[in-house]
Amino acid sequence: MTVEKKLNWAILVTGWGRNAKDTIEAFKNNKLKQSNISLVVYEEEPCGAKDLAESYQIETIKILKSDFKNIVAYQAFVIQEIKKRDIDYIFMLNYKYIIKDEMLKAFPNRILNIHPSLFPSFLGTKTAIQDALDYGVKVTGITTHIIDEKIDEGTILRQHPIKVKANDTFDSLYPKFAKAGQKIILKTIKTIENKHFKN
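Plus 1040 on top of the position in the sequence shown (first one is 1) and you've got the numbering used here.
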């Protein structure tokens, strides 16, 4: 782990990367006081996070899972590329693959994820927002956590509740997640910074 004044982060994204894009913008607006966004690993194009990162001279790498025989081989290559750089933490921001044991062991307690529910509700699903609506909950939200070998578990870092109104639909609820997502990501990064720096 680096003992310098700033932590270096890699962002993993497999889609457009709205959360990743917002985080990169916040970094460039000096909202991350003791962190650098140093690397964006992406897969699909177009990718807004990749385009924004490159406009700010942040390194990007395109890695396609389809280029590898299985997810283990794919993540072995991801590990190799991240280890070439001085990366302290990895943040999965809209990253669709399950992290396998080899990658967990390569970066122990250093891989973070964001999930659109309040743990321990609606885990292990890619449709947590709609699931919350279907179930009829009055409050849902967002959780950031350090991942472990269990899907959507691990150490909770931050949570942000979001109220569900009686007339809410996915289309009306999703923007609330979009707005809250940026804030909780920045607070999560600050939580990690506080683990390493007294100020």
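We treat Cβ as the ideally placed atom computed from N, Cα and C, and that holds for glycine.
Span of the beta strand (DSSP E), counted from its first residue to its last, around residue i
i: residue 1199; result: 1195-1203
i: residue 1129; result: 1129-1132
i: residue 1111; result: Unbroken run through residue 1111 is the alpha helix (DSSP H), 1111-1123; no beta strand (DSSP E).
i: residue 1051; result: 1047-1052
Cβ-based neighbour list, residue i, same chain, cut-off 6 angstroms, excluding 5 preceding and 5 following
i: residue 1215; result: none
i: residue 1061; result: 1088, 1089, 1092
i: residue 1146; result: 1119
i: residue 1076; result: 1046, 1048
Per DSSP, the bridge partner or partners of residue i
i: residue 1102; result: 1082
i: residue 1213; result: Answer is none; residue 1213 lacks a bridge partner.
i: residue 1225; result: DSSP lists no partner for residue 1225.
i: residue 1185; result: 1153, 1196
Residues near residue i in its chain [Cβ-Cβ closer than 8 angstroms; skip 5 each side]
i: residue 1086; result: 1056
i: residue 1220; result: 1181, 1182, 1200, 1202
i: residue 1204; result: 1172, 1173, 1177, 1178, 1179, 1180, 1213
i: residue 1100; result: 1079, 1080, 1081, 1082, 1090, 1093, 1094
i: residue 1231; result: 1197, 1198
i: residue 1050; result: 1078, 1079, 1080, 1081, 1122, 1125, 1127, 1129, 1130, 1131
i: residue 1117; result: 1103, 1108
Close Cβ partners of residue i (< 7 angstroms) along its chain, the five nearest in sequence each way excluded
i: residue 1183; result: 1155, 1157, 1158, 1159, 1196, 1199
i: residue 1104; result: 1083
i: residue 1141; result: 1189
i: residue 1135; result: 1052, 1053, 1054
### Task
Specify whether the segment 1059-1067 and the segment 1219-1226 touch according to this definition: at least 3 beta carbon pairs, one from each stretch, less than 8 angstroms apart.
yes
### Task
Check whether the segment 1160-1171 touches the segment 1107-1122, taking contact to mean three or more Cβ pairs, one atom from each stretch, closer than 8 angstroms.
no
### Message
Ignoring anything shorter than 3 residues, give me the beta strand (DSSP E) runs that lie fully in the segment 1135-1183, in order along the chain.
### Response
1151-1155
### Query
Which full runs of the beta strand (DSSP E) of 3+ residues lie inside the segment 1055-1091, going along the chain?
1075-1082
### Query
Quick one: any contact between the segment 1147-1167 and the segment 1072-1087, if contact means 3 or more CB pairs under 8 angstroms?
no
### Task
Examine the Cβ distances between the segment 1172-1179 and the segment 1201-1212 and report whether three or more of them are shorter than 8 angstroms.
yes
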